[in-house]
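Visitor:
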């Protein structure tokens, strides 16, 4: 296999939470006095980095922990209405059945993550949750240490530009999914190791039997190189 440890993000990667976020963000904006998101802003923000988004919304950095805690409480109340993406169960089961260790690093709480995953939570060997906006790299390192894996054995998979940045900072490979919060081109511009257009491509890539030579494309035409 290509990697023996996969560290997943939750929201926008395994869980279809963007519609919930879109309904909720302006309520939070009013409470914490940052800029509201208008319909015409959404696509622009999907192409922006996390820092650019925070600057656009005029969110002071000192407010981030307060906003994050409030968002987690709102998610707890609405967790039953936020679904998994189709195919998550099959993909996770395929990885686990083939001996791949699964971990979850999320900005959400572990309790919320377990509730959203339901029985699939039992497939995960490690949870490291409640990450700060820019705190995932440290959590990736901790997961690696607990799993007793070298950095080249692991890949993180997420849907935001900050997921790519955190993986680079932690020295591990990164995969980006195109069905989440960030726009496809915004992810590709940051050159992740893999770009996934469909859920089933994740297991296909991780379980690839033959290692690739540097620069060699994947045999599947639907999996694209991050630099392409």
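Numbering (the numbering used here), first residue to last: 244 to 471. A virtual CB, placed ideally from N, CA and C, is assigned to each residue, including glycine. A quick note: this is a predicted structure, and the numbers were derived from the prediction, not measured.
1) Helix, strand or coil: which one does DSSP assign to residue 255?
2) Is the CB of residue 317 under 8 Å away from at least one CB in chain D?
3) Closer than 8 Å is the cut-off here; do at least three beta carbon pairs connect the region 433–440 with the region 276–288?
4) In terms of residue numbering, what span does the alpha helix (DSSP H) encompassing residue 380 cover?
5) Along the chain, which unbroken stretches of the beta strand (DSSP E) at least 3 residues long are found entirely within the region 280–352?
6) For residue 392, which residues from the same chain have a beta carbon less than 7 Å from its beta carbon, with the 5 sequence-adjacent residues on both sides left out?
7) Residue 269 to residue 387, Cα distance in whole Å?
8) Excluding the 5 residues flanking residue 337 on each side, which residues of the same chain have their C-beta closer than 8 Å to its C-beta?
9) Alpha carbon to alpha carbon, how far is residue 443 from residue 371?
10) Comparing C-alpha positions only, which one of 412, 274 and 339 sits nearest to residue 309?
11) For residue 419, name the three-state secondary structure that DSSP assigns.
Guide: Let me spell this out:
1) Coil.
2) In summary, chain D is missing from the structure at hand, where a single protein chain is found.
3) The region 433–440 makes no contact with the region 276–288: fewer than 3 CB pairs, one atom from each, lie closer than 8 Å.
4) Residues 379–390.
5) Fully enclosed beta strand (DSSP E) runs of 3 or longer: 344–348.
6) These residues qualify, in order along the chain: 247 and 248.
7) About 37 Å.
8) For residue 337, same chain residues with a beta-carbon under 8 Å away, outside a window of 5 residues either side, are 446 and 450 in chain order.
9) If you take the alpha carbons of residue 443 and residue 371, they lie about 25 Å apart.
10) The alpha carbon of residue 309 has as its nearest neighbour, out of 412, 274 and 339, the alpha carbon of 274.
11) In this structure, residue 419 counts as strand in the three-state DSSP scheme.
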